[in-house]
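Q: For the sequence shown, our numbering begins at 2 and goes up steadily by one. Just dropping this structure here.
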Amino acid sequence: MPKIVDVEQYRKELLLKSAELFAEKGYADMTTRELAQGLGVSTGTLYHYFPSKAALFEQLVEEMCRQDVLLAKVEIDQGKTLTEKLKILGQFMTNREDSCIKQLFLSIDYSQHQGREELRRSHFFERVDRRYHQAVIEILGISDPSVAWLVVSVINGLILERLWCNEQIAIDEQMELLGKILTTYLQQNCSPPTITY
């Protein structure tokens, strides 16, 4: 009797296993053959599920983004105010700091290998950024798109600071501070005008 394979589940398993391989060697230095060997499959099997190494990497990043959002949402939903939610997000990032740094490092490596024009044509990072932006809007309850982009930019900047080994920055403290600043900003700019007689 032939073995029945859940194609989607198997594809996700290959994706998640490839994350460690890319983290060990980097995107540019990993050949498709090495990737297949590391995953314990033939190159043909790998191409069956992913048309190219770039396609595999992009799907990996999108899957990691999806999982990040789902896991973060569970924790962030415990917060009641924007400041509490951002502090919880900061704690979530701190607990997953190594993973966040690896993702950023791999994204930089991939970007360098692909080149700016190819990235612009593929809209890959634009799609990922939009997904994080939408998650910020939905999970944190921020309706102003510019404020949501600010949150995404601060998150990326904090991860970059940690990549550079800046030990003076505590992500949860910075996110809590951002929450206080944004709460003040939103109260001042979104409250109905006061009518005086």
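All residues carry an ideal CB built from backbone N, CA and C; glycine is no exception. Since the structure is predicted, the reported quantities are computational estimates derived from the model, not experimental observations.
Assuming contact is defined by CB atoms lying nearer than 8 Å, are Arg163 and Glu76 in contact in what I supplied?
A: Not in contact: Arg163 and Glu76 (Cβ atoms no closer than 8 Å).
Q: Using a 10 Å radius around the Cβ and a threshold of 16 neighbouring Cβ atoms, would you call Cys101 buried or exposed?
A: Buried, by the Cβ-count rule.
Q: Using the rule of at least 16 other Cβ atoms within 10 Å of the residue's Cβ for burial, across every protein chain shown, is Lys86 buried or exposed?
A: The residue in question, Lys86, is buried, as its Cβ has 16 or more Cβ neighbours within 10 Å.
Q: Report the three-state DSSP secondary structure of Val79 (helix, strand or coil).
A: The question names Val, but residue 79 in the sequence shown is Gln. Three-state result, Gln79: coil.
Q: Of all the options Gln189, Leu187 and Ile156, which has the alpha carbon lying nearest to the alpha carbon of Met94?
A: Nearest of Gln189, Leu187 and Ile156 to Met94, Cα basis: Ile156.
Q: How long is the line joining the alpha carbons of Pro146 and Leu36, rounded to whole angstroms?
A: In a straight line, the C-alpha of Pro146 is about 39 Å away from that of Leu36.
Q: Between the segment 14-21 and the segment 38-51, do three or more beta carbon pairs fall short of 8 Å?
A: The segment 14-21 vs the segment 38-51: in contact.
Q: For Gly91, I'd like the list of residues in its chain whose CB is within less than 6 Å of its CB, leaving aside the five on either flank, ordered along the chain.
A: Taken in chain order, the residues that qualify are Ile172, Asp173 and Met176.
Q: Pick helix, strand or coil for Gly142, following the three-state DSSP scheme.
A: The answer is coil: DSSP assigns Gly142 none of H, G, I, E or B.
Q: Which same chain residues, not among the five before or five after Val70, have their C-beta less than 8 Å away from its C-beta?
A: Arg132, Tyr133, Ala136 and Ile140.
Q: The alpha helix (DSSP H) that contains Tyr186, what's its start and end?
A: Run containing Tyr186: Ile172 to Cys191, per the alpha helix (DSSP H) assignment.
Q: Quick check on Met94: does DSSP put it in helix, strand or coil?
A: Residue state, collapsed to three classes: helix.
Q: Could you tell me the distance, in whole angstroms, from the CA atom of Leu83 to the CA atom of Glu127?
A: For Leu83 and Glu127, the distance between alpha carbons rounds to 25 Å.
Q: My output table needs one value for Val42: the three-state DSSP class, helix, strand or coil.
A: Reduced to three states, the DSSP call for Val42 is coil.
Q: Nearest-angstrom Cα distance between Ser251 and Glu25?
A: For the chain, the structure presents residues 2 to 198; residue 251 sits outside this window and is missing.
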